[in-house]
Amino acid sequence: MSDFLDYAIVRTARRSVQIQVNADASISVRAPKWVSKDHIHRFIQSKSNWIIKKQSQIQQRLLHQSEASFELGYYYLYLGRYYQLHASKVPLSEPVAISDNMEISLESNLGLEKTLNQWYRKKALTYFEQETIRISRLHGLSFSEISLSQAKRRWGTCTAQKKIRLNWRLILAPESVIEYVICHELAHTRHFHHQRSFWKLVESMCPNWKSHQAWLSEFGHFLHGSGVVRPLEF
Ligand SMILES: [Zn+2]
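So in the working numbering, spot 97 of the sequence shown is number 1480, and the numbers just go up one at a time.
Shown next as structure tokens:
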């Protein structure tokens, strides 16, 4: 049980040793060139309590991230930001409202999970429609229809009839990532393939597309667990 001592050392120009516990619970250490391996090892051991605590938090989260759970006090993603779920003390015009927190009306007897999921989908459709119209106009492209999907793997599709479907869970992602997926699908209305001309068009519409694509491959699986974070881990 000492695998917390497995770490990779990166030599940098920094002045002190820095330990980082990564998203997969592995450890990286950044250290100045002049610090010996022995010193680094002793330093890591002196921080072992902190490292183990951090790692177990991350492992807990990795364990739970595929099962969405719905409870007041938990944090939920919306457009790339976390909001703590609160019961609203005042009547709301919609079942859920975003302010500093995510306020939910408990008047309906649908329950938290259904209320939140329905609200997410409604928000997703409105947001995706507005954005797809805006981006298509900006780049002189057209589409015939937009709808939501709940595919496990795909973020979007576009048919030869220019019907675009976007995964509703994208509403949890940052706006720039959603924009990339919309640009990608809109680019398919002109190039129905993934060849060079397609990526050239994507690049002209969304110059940072590579970082958004990387974001989706790194965090995409997390959105499928509805991006829930329990308060203790925060
Ligand atoms: Zn594509």
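Even glycine gets a Cβ: it sits at the ideal position worked out from N, Cα and C. From a predicted model like this one, the values you see are computed outputs, not experimental measurements.
A distance of 9 Å or more separates the beta carbons of arginine 1504 and leucine 1468. Straight-line measurement puts the Cα of glutamate 1454 at about 7 Å from the Cα of leucine 1495.
Short note on histidine 1567: C-beta closer than 8 Å to some heavy atom of ligand 1. Pairwise C-beta distances place the region 1523-1541 in contact with the region 1571-1580, as three or more of them are shorter than 8 Å. The beta carbon of threonine 1395 is closer than 6 Å to those of Arg1413 in its chain, skipping five residues each way along the sequence. Burial is judged here by how many other beta carbons sit within 10 angstroms of a residue's own beta carbon; isoleucine 1565 has at least 16 and is buried. When only Cα atoms are considered, histidine 1424 and lysine 1437 end up about 18 Å apart. In the structure shown, asparagine 1484 adopts coil according to DSSP, grouped into three states. Remark: three or more beta-carbon pairs, one from each stretch, lie closer than 8 Å, so the region 1551-1565 and the region 1455-1462 are flagged as touching. When secondary structure is reduced to three states using DSSP, leucine 1508 falls in the helix class. Within the model, the alpha-carbon separation for aspartate 1421 versus leucine 1569 is close to 55 Å.
In the DSSP assignment, glutamine 1467 falls within the unbroken beta strand (DSSP E) covering 1464-1470. With fewer than 16 other Cβ atoms inside 10 Å of its own Cβ, serine 1482 counts as exposed. Collapsing the DSSP output to three states places tyrosine 1457 in coil.
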